[in-house]
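Here's the structure, in structure tokens; my notes come after.
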Amino acid sequence: MVTETSLSPIATFHSARRGRYEVAHQGVLALGEGTIVVEPGHNFEQGLQGLKGFDRLWLVYLFHLNQTEDAPPVMVKPPRFEHKVGVFATRSPHRPNPIGITPARLLHVAGRMLTVAQADLLDQTPIVDIKPYLPFCDAFPEAAVGWGGLAPTPYRLLWSEGARERVAEIASAHDLRLDHYAEVQLQLDPTDTSRKRIRATEQGFALDFREWSLHYEVRGEAQEVWIEQVTERPEFPGPSSLK
């Protein structure tokens, strides 16, 4: 019996999303594209031959930011569920072995590089394996999902021109992607004030992150979130004090 093993990355994932707060909890909700570059010197580009024509790939990767000597909890509380369950019954990134999988969309293959979408990975994530997604043996739409329940319908985020301009200014001045944060936090459960940094306001809701607040209203029937403005939080130190 194998008692210990090691994994060497075959590739690295690259994208504009560098912080945990910028990545969706599931790949199907992840917006934007990313690239995977396989390691040189191993002829791995030859290993990519035959991938053209597949719509999706299984990416097996490492949670590289979860390196800690502390043992991860074996009981965790999943999003949208009231009670704790065993870690092996969840998709939690905090696991005894920090390994993740995601069925990313394949957009393009060129040399050592793959362009993908719907990948819930951070920039610089190590990839340890790539496999083609085969619907006839990988998809089971009638399978029971235990505590998971019905698949939630994501909300569509809409931005006012002023809010969009302010977010761009903040990204340029402070290297902080509030738009990525909003996508992750507000696509699902945009009124959840108990588990997220969301608070009710007279006009609707506000999502707080560091020194900024995104003010929005929820249009339930249309499954839309209208983000009206972005303001500084008066109770939080200003940007100049955080440098």
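At position 104 of the sequence shown (counting the first as 1) the number is 104 in my numbering, and the numbers step up by one without a gap. We treat Cβ as the ideally placed atom computed from N, Cα and C, and that holds for glycine.
- In chain order, which beta strand (DSSP E) runs of at least 3 residues are fully inside the segment 76-134? 99-110, 113-117, 126-132
- Thinking C-alpha only, which one of Asn97, Leu51, Gly47 is nearest Ser6? Residue 6 sits at position 6 when you count from the first residue of the sequence shown. For Ser6, the nearest C-alpha among the options comes from Asn97.
- Item | The beta strand (DSSP E) enclosing Ala11, as first and last residue numbers | To locate residue 11, count along the sequence shown from 1; it is residue 11. Run containing Ala11: 11-14, per the beta strand (DSSP E) assignment.
- Query: Is Ala206 helix, strand or coil by DSSP?
  - Reply: If you number the sequence shown from 1, residue 206 lands on position 206. Ala206: strand per DSSP, three-state reduction.
- Short Cβ contact (7 Å threshold) for Gly47 with Ala119: Residue 47 sits at position 47 when you count from the first residue of the sequence shown. Residue 119 sits at position 119 when you count from the first residue of the sequence shown. Against a cut-off of 7 Å, the Cβ pair of Ala119 and Gly47 comes out as no contact.
- Query: In this structure, does DSSP put Lys196 in helix, strand or coil?
  - Reply: One-based indexing of the sequence shown puts residue 196 at position 196. Coil, per DSSP.
- Task: Report back the beta-carbon spacing between Thr115 and Leu107 to the nearest angstrom; my notes put them in contact at under 8 Å.
- Result: By one-based count along the sequence shown, residue 115 stands at place 115. By one-based count along the sequence shown, residue 107 stands at place 107. Right, the Cβ-Cβ distance comes to about 4 Å (below 8 Å), so this counts as a contact.
- Message: For Phe136, which residues in the same chain have their Cβ closer than 6 Å to its Cβ, ignoring the five residues on either side in sequence?
- Response: For this step, residue 136 is matched to residue 136 along the sequence shown. Contacts found: none.
- Rounded separation between Pro78 and Lys84 - CA only: As a position in the sequence shown, residue 78 is number 78, starting the count at 1. As a position in the sequence shown, residue 84 is number 84, starting the count at 1. Pro78 and Lys84: Cα-Cα distance of roughly 7 Å.
- Taking just the CA atoms, how far does Ser92 sit from Gly148? As a position in the sequence shown, residue 148 is number 148, starting the count at 1. As a position in the sequence shown, residue 92 is number 92, starting the count at 1. Approximately 13 Å between the Cα atoms of the pair.
- Message: Can you give me the C-alpha to C-alpha distance between Arg56 and Ala110, rounded to a whole angstrom?
- Response: Numbered from its first residue, the sequence shown carries residue 56 at position 56. Numbered from its first residue, the sequence shown carries residue 110 at position 110. For Arg56 and Ala110, the distance between alpha carbons rounds to 16 Å.
- Message: According to DSSP, is Asp224 part of a helix, a strand, or is it coil?
- Response: Translated into positions along the sequence shown, residue 224 becomes position 224. Checking the displayed sequence, the identity of residue 224 turns out to be Glu instead of Asp. It is a strand residue.
- Message: Just to check my reading of the structure: Gln229 and Gly162 have Cβ atoms closer than 8 Å, yes? What is that Cβ distance to the nearest angstrom?
- Response: Along the sequence shown, one-based indexing puts residue 229 at 229. Along the sequence shown, one-based indexing puts residue 162 at 162. Confirmed, Cβ separation roughly 6 Å.
- Query: Just how far apart, CA to CA, sit Leu186 and Trp159?
  - Reply: The residue you call residue 186 lines up with position 186 of the sequence shown. The residue you call residue 159 lines up with position 159 of the sequence shown. The alpha-carbon atoms of Leu186 and Trp159 are separated by roughly 12 Å.
- Considering Tyr181, what are the terminal residues of the alpha helix (DSSP H) in which it resides? Mapped onto the sequence shown, residue 181 falls at position 181. Its alpha helix (DSSP H) spans residues 178-186.
- Task: Indicate the three-state DSSP secondary structure (helix, strand or coil) for Glu211 in the structure shown.
- Result: Translated into positions along the sequence shown, residue 211 becomes position 211. Correct three-state label for Glu211: coil.
- Query: In this structure, does DSSP put Gly50 in helix, strand or coil?
  - Reply: Residue 50 sits at position 50 when you count from the first residue of the sequence shown. Correct three-state label for Gly50: coil.
- Message: Below 8 Å on the Cβ atoms is my contact criterion, and I expect Gln223 with Arg156 to pass it. Report the Cβ-Cβ distance as a whole number of Å.
- Response: The residue labelled residue 223 in the question sits at position 223 within the sequence shown. The residue labelled residue 156 in the question sits at position 156 within the sequence shown. The Cβ separation is near 6 Å, so the contact holds.
- Message: Mapping the DSSP letters down to three states, classify Glu45 as helix, strand or coil.
- Response: By one-based count along the sequence shown, residue 45 stands at place 45. Residue state, collapsed to three classes: helix.
- Looking only at DSSP bridge pairs, what is Thr231 linked to? In the sequence shown, counting from the first residue as 1, residue 231 sits at position 231. Partner(s): Ser213.
- Where does Glu33 fall in DSSP's three states? As a first step, residue 33 is located in the sequence shown; it is residue number 33 there, counting from the start. Of the three classes helix, strand and coil, the one that applies to Glu33 here is strand, per DSSP.
- Message: Within 8 Å, do at least three Cβ pairs link the segment 169-186 to the segment 209-223?
- Response: yes
- Task: From the DSSP output, in three-state form, read off Ser240 for me.
- Result: Along the sequence shown, one-based indexing puts residue 240 at 240. Residue placement at Ser240 is flagged as unreliable, the pLDDT there being 41, under the threshold of 50; a coordinate-derived value is accordingly withheld.
- Counting only the same chain and skipping the five closest in sequence on each side, list residues whose C-beta sits under 8 Å from that of Ser213. Within the sequence shown, residue 213 is the residue found at index 213, counting from 1. Closer than 8 Å at Cβ, skipping near neighbours: Ala206, Leu207, Val230, Thr231, Glu232, Arg233.
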